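Asks: If you number the sequence shown the way my numbering does, the last residue is 374 and the count never jumps.
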Amino acid sequence: MKLFTLRGVLLCCGLMTLLFTTGCQRQQEQITLRMAHTLDQEHVVHKAMVYMAERLEHYSAGQMHIQIYSGGQLGSERELIELLQIGSLALTKVSASPLEGFVPKMQVFSVPYVFRDSAHLWAVLNGSIGQDLLNSMQKARLHGLGYYDAGSRSFYTTNKAVHQPADLKGLKFRVPNSQTAVQMVQTLGGAATPVDWGELYTALQQGVVDGAENNPPSFYLSRHYELSKYYSLDEHTSVPDVILMSLPVWESLNAQQQGWVQQAMNDSVRYQRELWQEASDDALAKVKAAGVEVIYPDKAAFAAAVKPLHQSLKGTEVGDLMAEIALIQAETAGASND
Numbered sequence: 037m038k039l040f041t042l043r044g045v046l047l048c049c050g051l052m053t054l055l056f057t058t059g060c061q062r063q064q065e066q067i068t069l070r071m072a073h074t075l076d077q078e079h080v081v082h083k084a085m086v087y088m089a090e091r092l093e094h095y096s097a098g099q100m101h102i103q104i105y106s107g108g109q110l111g112s113e114r115e116l117i118e119l120l121q122i123g124s125l126a127l128t129k130v131s132a133s134p135l136e137g138f139v140p141k142m143q144v145f146s147v148p149y150v151f152r153d154s155a156h157l158w159a160v161l162n163g164s165i166g167q168d169l170l171n172s173m174q175k176a177r178l179h180g181l182g183y184y185d186a187g188s189r190s191f192y193t194t195n196k197a198v199h200q201p202a203d204l205k206g207l208k209f210r211v212p213n214s215q216t217a218v219q220m221v222q223t224l225g226g227a228a229t230p231v232d233w234g235e236l237y238t239a240l241q242q243g244v245v246d247g248a249e250n251n252p253p254s255f256y257l258s259r260h261y262e263l264s265k266y267y268s269l270d271e272h273t274s275v276p277d278v279i280l281m282s283l284p285v286w287e288s289l290n291a292q293q294q295g296w297v298q299q300a301m302n303d304s305v306r307y308q309r310e311l312w313q314e315a316s317d318d319a320l321a322k323v324k325a326a327g328v329e330v331i332y333p334d335k336a337a338f339a340a341a342v343k344p345l346h347q348s349l350k351g352t353e354v355g356d357l358m359a360e361i362a363l364i365q366a367e368t369a370g371a372s373n374d
């Protein structure tokens, strides 16, 4: 249990001006951008952030720096987003799922089986839809810099293997703070319980939940495989990580400084994607070696089971976005046959 969070310091101790006055601090032309996330330092996302910091120092000739706080030191993903909104933190990484509470269209990433494969996902993220979603962050006082690969999310369980949708019935699953993720699990017959990522190991240990869902690197680095001996690769959602900057901090930079930040971000995206597949394969090998049964279920059965969720979104803003994405899917499939 954390003895205090940054929020506690800000609200209870009144040390905001001393500890984390702003996400962007200037001293003799030096700018330090404070960046925080909830992952382990061995995670490829953290490694990509370190690379981003190195590239920013390079582009700015040492004028700009990034100071990284890992492992949820400064709070949960939602708390980090709120710190960005008030300018008390400069940068963070969040899963796209909880962003639907700030920008409703982000719900599309929590809808299962919207994307056919990784190539389709990245065709969307690198195109106008992906950029429009980043731009939409501004109304929440956030500036979207880009996306990191987070693979596909799959179910893992402590005491019961999941081979088909019916196997989820009666099981309690941790999901991100996303109403759509809750609906997905419920549609499949399970019970969904939002739990902060940092509290999930204990929740699995104490039986508060019977399982959760995430990508292979997160499953391994969180050590959840120590408690969850079944990993069913149904790959129901492809939820990218989003790198966000505080809009007040972004607007405090001049155009050249903004350009340096974006260049460093773009470099780190390419670097992170290079690392991702290797990390995913390595994680699967390690959890298998630790005794986890990795299951390769029929994805078509899961996709069919969540069709009612797709139907319920028809005629909505998210449903319209799903239709746009389906057209890109057709273009991607057509291009691959040339």
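By construction, the Cβ of each residue, glycine as well, lies at the ideal position given by its N, Cα and C atoms.
As the structure is a computational prediction, the values presented were derived from the model and not from experiment.
(1) Do the segment 251-263 and the segment 161-177 make contact, defined as three or more Cβ pairs closer than 8 Å?
(2) Who are the Cβ neighbours of L116 in its own chain at under 8 Å, not counting the five residues just before and after it?
(3) Do you know offhand how far T229's Cα is from Q66's?
(4) Go to H101, then tell me how far its beta strand (DSSP E) extends in each direction, as first and last residue.
(5) For the putative contact between K265 and E360, defined by C-beta atoms under 8 Å, what is the C-beta separation to the nearest angstrom?
(6) Who are the near neighbours of N171 in its chain, counting only those whose CB is closer than 8 Å to its CB and skipping five residues on each side?
(7) If you count every other CB in all the chains shown that lies within 10 Å of the CB of R210, and 16 or more means buried, which is it?
(8) Tell me whether A227 sits in a helix, a strand or coil according to DSSP, three-state version.
(9) Any chance you could list the alpha helix (DSSP H) runs of at least 4 consecutive residues sitting entirely within the segment 289-351, in chain order?
(10) In this structure, does DSSP put D76 in helix, strand or coil?
(11) Which residue wins for smallest C-alpha separation from A340, given the options D270, L283, K83?
(12) Which residue's Cα is closest to the Cα of S268: T194, W286, Q299, W312?
(13) So which of T68, L349, L280, A186 has the shortest CA-CA distance to S154?
(14) Report the option in S288, V275, S316, Q77 whose CA atom is closest to the CA atom of V160.
(15) Which residue from Y184, D203, M142, F191 puts its Cα closest to that of M173?
(16) Check this for me: beta carbons of L240 and G225, under 9 Å apart or not?
(17) In angstroms with no decimal places, state the Cα-to-Cα distance between E249 and G234.
(18) Whole-angstrom Cβ separation of H199 and I331, contact assumed at under 8 Å?
(19) Select from Q77, V86, E78 the residue whose C-alpha is nearest the C-alpha of Y307.
(20) Quick one: what's F191 bridged to in DSSP?
(21) Quick one: what's M71 bridged to in DSSP?
Replies: So, from the listed chains and residues:
(1) Counting Cβ pairs under 8 Å, fewer than three are found: no touch.
(2) Once the five neighbours on either side are set aside, the close Cβ partners of L116 are A72, H73, T74, L110, L125, T128, V130.
(3) Distance between the alpha carbons of T229 and Q66 is about 44 Å.
(4) For H101, the uninterrupted beta strand (DSSP E) segment begins and ends at 100-105.
(5) Not quite, the Cβ-Cβ distance comes to about 40 Å (not below 8 Å), so this is no contact.
(6) If we look at N171 and ignore the five residues flanking it on each side, its Cβ neighbours are G180.
(7) R210 should be labelled buried.
(8) In this structure, A227 counts as strand in the three-state DSSP scheme.
(9) Qualifying alpha helix (DSSP H) stretches, in chain order: 291-325, 335-341, 343-348.
(10) In this structure, D76 counts as coil in the three-state DSSP scheme.
(11) For the residues D270, L283, K83, the minimum Cα distance to A340 belongs to D270.
(12) Comparing Cα positions, the closest option is T194.
(13) With distances taken between Cα atoms, S154 lies closest to A186.
(14) For V160, the closest of S288, V275, S316, Q77 by C-alpha to C-alpha distance is V275.
(15) It is M142 whose Cα lies nearest to the Cα of M173.
(16) Contact: no.
(17) Going by the C-alpha atoms only, they are around 14 Å apart.
(18) Yes, they are in contact, since the Cβ atoms of H199 and I331 sit about 6 Å apart, within 8 Å.
(19) Comparing Cα-Cα distances from Y307 to each of Q77, V86, E78, the minimum goes to V86.
(20) Beta-bridge annotation (DSSP): F191 is paired with E249, S268.
(21) When beta bridges are read from the DSSP output, M71 appears opposite I104, L127.
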